Every structure is written in C-alpha cells, then in structure tokens.
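Note that the sequence shown covers residues -22 to -1, 1 to 970 in mature numbering (1 follows the signal peptide of the UniProt record, and there is no 0).
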Amino acid sequence: MNLIQVELTVVMLAMVVEVAHSHDYGDALSKSILFFEGQRSGKLPPNQRMTWRKDSALQDGFQIGVDLTGGYYDAGDNVKFNFPMAFSTTMLAWSVLEFGKTMGSEQQHALDAIRWATDYFLKATSIPGFVFAQVGDPYSDHNCWERPEDMDTDRTPYAVSKQFPGSEISAEIAAALAASSMAFRPSDPVYSAILLKRATMVFEFADKYRGSYNDSLGPWTCPFYCDFSGYEDELLWGAAWLFRATKATYYWDYVVKNIQNLENIITKNVDGVSYSGGSFAEFGWDSKHAGINVLISRIMKNSPSSDPFVPNADKFVCSLLPESPTKSVSYSPGGLLFKPGGSNLQHATALSFLLVVYSRYLKQADRVIHCGDVVVNRARLIQVTRGQVDYILGSNPLNMSYMVGYGKKFPQRIHHRGSSLPSIDKHPQHMDCKGGSSYFDSSNPNQNLLTGAVVGGPDINDLYADSRTDFVHSEPTTYINAPLVEIMGGKYKSVLVLLGFLGMMMVVRSVASSSISHDYGDALAKCILFFEGQRSGKLPPSQRMTWRKDSALHDGSDIGIDLVGGYYDAGDNIKFNLPMAFTTTVLAWSILEFGNHMGSELQHATEAVKWGTDYFLKATSVPGKVVAQVGEPYGDHNCWERPEDMDTARTSYIVNTTSPGSEVSAEIAAALAASSMVFKSIDNRYSQVLLERASQVFQFADLHRGSYNESIGPAVCPFYCDFSGFMDELIWGAAWLYKATNSKSYLKYVLENIHYLEYVPQSNDPIYVGGSFEEFGWDSKHAGINVLLSRLLMNTQNSSNTFVQYADKFVCSVLPESHSKNVYFSLGGLLFKDGGSNTQRTTAISFLLLVYSRYLISAQNRAIQCGNNVVVTPSRLAQFAKGQVDYLLGSNPMKMSYMVGYGRNFPRKIHHRGSTCPSIDKRPRQIKCHDGDVFLYSKYRNFNQLTGAIVGGPDINDRYNDTRIDFVHSEPTTYINAPFVGVLAFFKEKGR
C-alpha cells in the first residue's frame, strides 16, 4: 500500500538533476513521475503514457450518488486510501514549489500527477459536512490478486462527518489542496482559487469536528493506514500550508497557539507499541512534525517568530546525521538510512527531502547547525541526501537500482497486482478474484513494467529478495516516489559520500567496548538473585529478596493437585509452564557448561533450578496429564497487584491424552532431564526421580501429539502461543534425554525426526513448522538442538554431520562480518532480531555462541567458514559475546546498565507488579486489582528493587525510555536471565 513512497522519491530526484555523477538523474526523474500514471484509478486520459493500464473503478461512489472516480491506488493493491494519497499530493506539490523550475519538461508531467489527485479530492469533499476517506473494502481487496480493470470486490465509500469525525484525513486533504493551489497559481489561477477555497472549508471542518478516523472508521482504516500519531500534527500541517498559501494571520496564529500540543501529546500504546505525535524526528504519511518545522522555518526565515520551529528543525537534522551525537536512526552497512517499521525507503526519501529543503533555508539564513560539538553546514545536508539517492539508484552493495526500469539491474517481481498480471491487451478475458494467483506465485518477472516505481527496498543488511511475497520490501508506494521527484530536480553540486563504513563501526564499537572493565562476578550473583524475586509459593527461610512474601498458596486446588511453587514468568503473576520449563532447561545447561566457574554462586544457581523442578514434579504427578499453566491471564493482566494479594482466578490448565500439548510436555521433559544431570553428583536420588519423570513425560508428549495452541487456546495465545510447532520441542527433549541417559534410542529418535525441522511449511500440519536453524528461545529450539548435538556427537562424528553444519550456519547468521547474517545491529552494537522483547535473543544467542566455542576448541580449534573469506575462530565467538554482555552491563551509547541494581545507571521503573507496588512490610493491607494503578502510572521509581532483572532493553536506535508503560522494553523475564547466567559465568572465570 504505498503511493507516498514514490512521491517522496520524485521529490528527491528533482533536487540533484544537474549534479555531476554517473547517475542520470534526469532519466530517473522522468521515470519517477511516470510511475504515477501506473497508479491512476478512473477514466484514463488520451495522453496516458503507461498504456498497459486501462480504465478502472468507473462506478466508484455511484451507489451513494457521488462521483468518486479518479485518484490513485496507493501501492500494489486496488484500494484508494485517501490519507496517504493526500500526503503524496502534498509532497508532489511541495516538490514543484521548491524545484519546479529545474524540472524542465517534466514539470508539466508533475503538475498532471498533482491534478489527477486534486480533481479527485474536490469530488471527495464536494458534500458539506462529509469528507470521503477511502474507497474500497480493503479486506476483500487484499484477499484477491486481480487487475484494477477487473475488480469485482466491494467498492464501498467510507466517509467521516460531524458525528463521526476524521480530523487527520480532512486536514491532510486541506494541506494537499492548499499546497497544490500554489503549484497551479502561475499556470491556472482559476483552478488554483478553487483548490484554495476548498482547502479552507475542509480545514475548518477538520478543526471544528475533532476526532480520529481510527475511531470513526475503525477496522476499515486500521491496520492499513491507522493514524498512530494523533490528528494534531495534521491540523498544524494543514494550517501551516494554508498560511503559506494565504498569508492570513489566522493560520499563523493557529500554528503558534497549537504547536505546543505536539510537544505535550499523550503517548498512546497500540498492540504493545508506543506512539506519539510529538517527535521532531518523524515525517511521513502518518506523522508530520519534522515537516511542519522545516516548512515554517522556510516561510519565516530568520524572523523572531521562527522559534520553536528552527530549533526543532535543527534537532531533526541532528537526529539523522551519522556523525551527530543525538542521531536516532540506523544505517545499513552500505549507507542506507533506516527507521523501524514497514517499507523503509519511504523514510529514506521523505527525510532526505526535508534535509534538502532545509539546506535552502540555511543558505538564505547564512547559518550552520550545531549538533553538540559537530558543526553541520548546508553542503553536508546535500551530501547526505546525495548518498541516499545514489544508493536507491544503484550505488549500493548489490549494485541494484530500487527504481523499476532505471539501470540494468532492478526489481523484476514487485508486489503489485496490475504489474504482475497480463494486461487487457494481452489477456482480454476477465480475471476474477483468485484468477491471478498463479501469477502471484510465479517465479517469472512481472508481465508489465511499472516504470519509475520505487520498492520498499533492502533490509538493514543491504539484502533484497526479489519476491512478490515479501511485500514489505518489494511493494512500491506513491509516498516513496513523491519526495524523490524533488530531490532529483534541484541544481546542487556535491561529492558522493561513502557511508558504508558504518557497518564495520558496529564491529569496532563492540570490540572496543570490551576493554571497559565490568565485574562479571557481581553481575552473575545479581542475575541469579533475580529468580528469587520471581518465586511463587511458600518462600524458604533462606529467601534473600525479603520484600517478596508467600503467594499463590492454593494453586491447583481447583483440580485437586498441589501446584504451589514455580516461577512467575515476567512482570505479571501467571505461571506459564512453557517459558518456565525453557528457563529451567537453560539454567541447568548453564550449570552443566559453566558451573565450575560460578564459585559460591553455584549453590544459588542450583537452588534456582530446583525451585523449577520441584514444581514440575507436581505439574506432572498425574499420569496422562501435564499442567501447562496456572492463572487466568486476561484477569491477571487487567489488574496491577502484588502476587501476595492476588484475587484473580487461579485456573489450572491441563493437557492430556485427548487434548494434547506436545511442546509444553516435551519442554518440561527437557528441563527435568537437564536438571537431573545437575543434581547427579550432589543428590543422586533426586536426580533419578527427575530423570525417570522426564522419560515418562517425554513418552506422553510423543505418544499424544498435538499443540497446546489448540487444546487450551486463548489461555496461552497470544501470550505464549507456540508459533514454531511442537516437533522442535520433541527433538529437543529427546536430545536432552540422550545426554542424560546415553541411550541410543533417544539419539535414534533425534536422527529419525530431525528432517522435520528442515521442511518449509506446506500445510496446516504443525509437524512441518519450525525449521529455522537461526532461532533459539522459549518457542523455537532449532539452533539449540544443533549446538547441543554438535557437543554430544563430537567424538563420534566429524564436522560434516548435519548438526555441525547447521550450527555453523547459525554462527554465520549472527556475526556482523558474515555475508549471510540475518540479524540487525544498533549503531551501538547490540544484536537485534524482529519481534518482542529483544534482550531475550541477545542473551540466548550469546550463550549458544559460547557453548559452541567450547565445541570448536575441543575439535582442535576448528574454525568456521562463513563465505567471502570470512573465517571465524572460537575466540571470535567469545569476543562477540563479550561485546553483547558489556553492552547490556553499560558499555553502550546511553551508558546504562540494563540489569537492575548493576552499575550506577539502570532502569528504575520496570514493568513488574511486585517491584512497583509497596511491599507487605511497608503496606500490609491488601492492594486490590486496580488499587495498584496509581503505582503503575506513577512517575516515581519502583518501590522495590528487583535486583538482577534484565529488561527488554533499548530500541534499535540505542534509546531506552524508562517507563512501566513501555513493557516491550521495560519488562524483565526469566528467560532473558537464564542464558545470561551461563554467559556471565563464562566471563567471570579469571575476570575475562
């Protein structure tokens, strides 16, 4: 879904046309504008140049008596989303206003592209009190793969009104009309006046009837173009454009009066992600803040009224430049700018466009920007922009242009319905909803060339899979191209800057930080102590975290089984047995590998394991049944109360022979088997009990196969839904039983079933899921299986066995110097993988690397070949892991430890009920379900220090917001700490 992408590209291209370089910016500009003809909806004009496109959606709006034909399809689908379409139009108009004179003959084509949209917006705003926000049912449209010319899906018009307002969409249309009125003023003053008059009317409607179209139109706009930043930015954006178009003081006063709303806007949490409309660094179809500041700075120049716009625009610039101490973006090793979320080139083009516009302001004002000690002049802004444009056009590690039809190598299989299907000329017969599926699935290039389309672009590792199915990277949008038009049209001379050095800086920074001294022994002690803060049940006299008290003493009473004990997984009060079992397995593995380095902490680590295994013996005490969870998660998550005060339902959830749960059962078997080896030398009787139970539970898991996703459904999903299938846990459990028993039957089981993990999912059968050799955590065990088996079989098989080969691939997938890496790195050097709390991956991957380094050393210091002459030694794995450890302990851009209680600067407001609320000692009376809300939303630090807890960590820009509300980053979990115990023990030895 992305018209805006292309518009921003157009804007960028218009600004560099006459620069001396190997790229033909004039040709790129022409193609970038031509793309919009491929996105047209409605009756096409006689001068249509992209002739494989034909008339489409000629009845839009007719069912309600309004002509809504025309406009643009935003991206690779056939819906007209007016919010991003309006932003695209605004940007195209701004492109012409800033750089139209340098576009030559392409200026007329740019004006034609603008008019195709404004003609449509005049229709969409033709009924007083209504603004049409969208045409087309997005769900049915996205379910089909058909040409726009053949559409037979619902073309429902969606409108906002006085009763159901949509200030963001209305104000953005007002901005588009106002900006476009200026673009047409020299050539068509009558049309210009019509646009301006309508802009003032629509803006008045947007401001008078305030509200978000998220609420008014709900699922028809979300999650497609949900407005996460609020509508205040669009109102200010619209007023700023009306001020530029009219010079009326009313609009200036409006901007000045309301600009502080963007600074104070309440942060919203949507599906676990925090959004705010007040970031000076954001600009795109959703958030307009940076655009407002740059636009007003251009209008006001050096007047006294330029505050706070110029200071905030300066901050925006400093947030982008790689040399700035306050940068908040990432760069790929090849130099492409990255921001989190969605199609990335929309960010590279939109932000680069603003840099070039602001450079014109700097020239007029004869000033520079100070980013701390870094002084930035206008030439530097052009230089950075030039680097982004050239990257898009082919100056990148893949030598690939990301503009279709430009250069010799460009995307051939873009995610675009019209382009991928044969044209009406070639295939006159109607193609219905699923008629195009064979073309979607085809590996052949698209049938029609969507010239000028700029796709979502490569990933942060500069890799691009030319595949229609990968729509995040292969789908073009109008809001990528629009700003690129402007960048290519300007007359600027600059030298290409190579930003590829940033990729290697991650490695250098990681290694350099390892020289900073950390007390790994202290960190290890605290890391183990954390588990005492997560204990459920009757606490022992030796409990050291004394602010915690007894809790959940009646667990299991609903089914007549004693289920007291175990661990709460994170900041809530539920006992989720799948992640708890994984935690116990990895704690035991940490002791087995590195226990001899733990010193006096070995006893505490062993006690932490036993707290888990005692509970699992209870949870598996009834033959044919395994308890998978204790506590009703929805009721618990609705409350903010201490575990000692819990009055929510403590429901026990069971899997059995008819409602199986192979993943949770097999993981418990793995935990019991691994733990049996921990206790073998210190309590052999207990060890035998654990091992016997492990074999029984594994047999149950294997004999009665099925996923607990289906058996206990919403109790575990979406909290700990098993996405990888249950085969990895079965193989993982068998591997641990082989290690514990040395029984060939378990090894045979592993060898006979390991191929299931290699299969790509072919059906809904969960047995064929979970095959990534790169994954390791509470859900997927594949990398752990390969590392464990490599260690177990090192004396019986050579380095050519499957487990070693896949373990080697795992290593190559995470090292920054490897060409096959499949992870990201922050500029500070922290490893990142997609999804959820990130430090769980950092600690788990670091642990596996250290374990595997021991295998490599035992195998005569064998090295790993990662291709392209990259040779990885055991010491490199330790060096890399140390960089990750040191980052978490404080060697990072924030100079912040992400372990509570370690160092001077650590998280104080973690997302954790027990830590947040005052202890029983300080407040003996009960704190009921919502009584703790005042502590949740308090600005003060937590009452109790959960020493050793490692939080979810910073974002990919190395930023951390110390707030309980941002649980993705501020919540600790047992499965973050468990592998870190082993990692810290490794580095504690001899202080290395």
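From the three backbone atoms N, C-alpha and C, an ideal C-beta is built for every residue, glycine too.
Note that the structure is predicted; figures quoted are calculated from it, not measured.
- Rounded to the nearest whole angstrom, the C-alpha separation of R526 and T591 is 21 Å.
- The residue from Y833, T719, T178 and Y51 with its alpha-carbon nearest to that of E571 is Y833.
- For a cut-off of 8 Å, the C-beta gap from L866 to T941 is around 19 Å, too long to register as a contact.
- L708 has its alpha-carbon roughly 13 Å from the corresponding atom of A651.
- Taking C-beta separations shorter than 6 Å and ignoring five residues to either side along the sequence, the partners of S897 in its chain run W525 and N922, following chain order.
- For the set P303, W94 and Q366, the Cα lying nearest the Cα of L329 is the one of Q366.
- Here the C-alpha atom of S321 lies approximately 36 Å from the C-alpha atom of D344.
- Excluding sequence positions up to five before and after F945, its CB lies within less than 8 Å of the CB of G250, G549, H889 and G930, all in the same chain and listed in chain order.
- Inside the stretch 869 to 941, DSSP marks no whole beta strand (DSSP E) run of 3 or more residues.
- Membership of F572 in the alpha helix (DSSP H) is indicated by the continuous run N555 to F572.
- S415 counts as exposed, since fewer than 16 other beta carbons sit within 10 angstroms of its beta carbon.
- Within the same chain, R125 and P126 come within 6 Å of G396 by CB-CB distance, once the 5 residues on both sides are set aside.
- Taking C-beta separations shorter than 7 Å and ignoring five residues to either side along the sequence, the partners of M378 in its chain run G372, K387, F388 and Y442, following chain order.
- Following the DSSP letters along the chain, one finds Q581 inside the alpha helix (DSSP H) bounded by residues E579 to A597.
- When the beta-carbon positions are compared, I954 and I934 stay at least 7 Å from each other.
- Taken in chain order, the whole beta strand (DSSP E) runs of length 3 or more contained in the stretch 679 to 733 number zero.
- R513 sits buried, since 16 or more C-beta atoms from the chains shown fall within 10 Å of its C-beta.
- Around the C-beta of Q238, fewer than 16 other C-beta atoms lie within 10 Å, and the residue is accordingly described as exposed.
- For A268, the enclosing alpha helix (DSSP H) covers residues H267 to M278.
- Per the Cβ contact rule, the stretch 167 to 174 is not in contact with the stretch 101 to 117 (fewer than 3 Cβ pairs under 8 Å).
- A223 sits close to A156, with the two beta carbons spaced by under 7 Å.
- C-alpha of T636 to C-alpha of S723: approximately 26 Å in a straight line.
- The beta-bridge partner set that DSSP reports for Q607 consists of F554 and Y631.
- Rounded to whole angstroms, K412 and R188 show a C-alpha spacing of 40 Å.
- T29 sits exposed, since fewer than 16 C-beta atoms from the chains shown fall within 10 Å of its C-beta.
- The way I'd put it, the stretch 574 to 586 doesn't touch the stretch 600 to 614; fewer than three beta-carbon pairs between them come closer than 8 Å.
- The stretch 142 to 153 makes contact with the stretch 209 to 220, as at least three CB pairs between them are under 8 Å.
- Annotated as distal: G892 and R663, with beta-carbon spacing of 7 Å or more.
- Three or more beta-carbon pairs drawn from the stretch 46 to 54 and the stretch 18 to 32 are found closer than 8 Å, and the two stretches are therefore classed as touching.
- The three-state reading of DSSP puts S257 in coil, since its state is none of H, G, I, E or B.
- Of the candidates R31, A53, D33 and L89, L89 places its Cα closest to the Cα of I11.
- One thing to note: P454 has its Cβ within 7 Å of the Cβ of I392.
- A direct Cα-to-Cα measurement between N424 and S445 gives close to 10 Å.
- Per DSSP, the beta-bridge partners of V353 are H348.
- Sixteen is the threshold: since fewer than 16 other Cβ atoms of the shown chains lie within 10 Å of the Cβ of T227, the residue is exposed.
- If you look at F449, you'll find it in the alpha helix (DSSP H) that goes F449 to S452.
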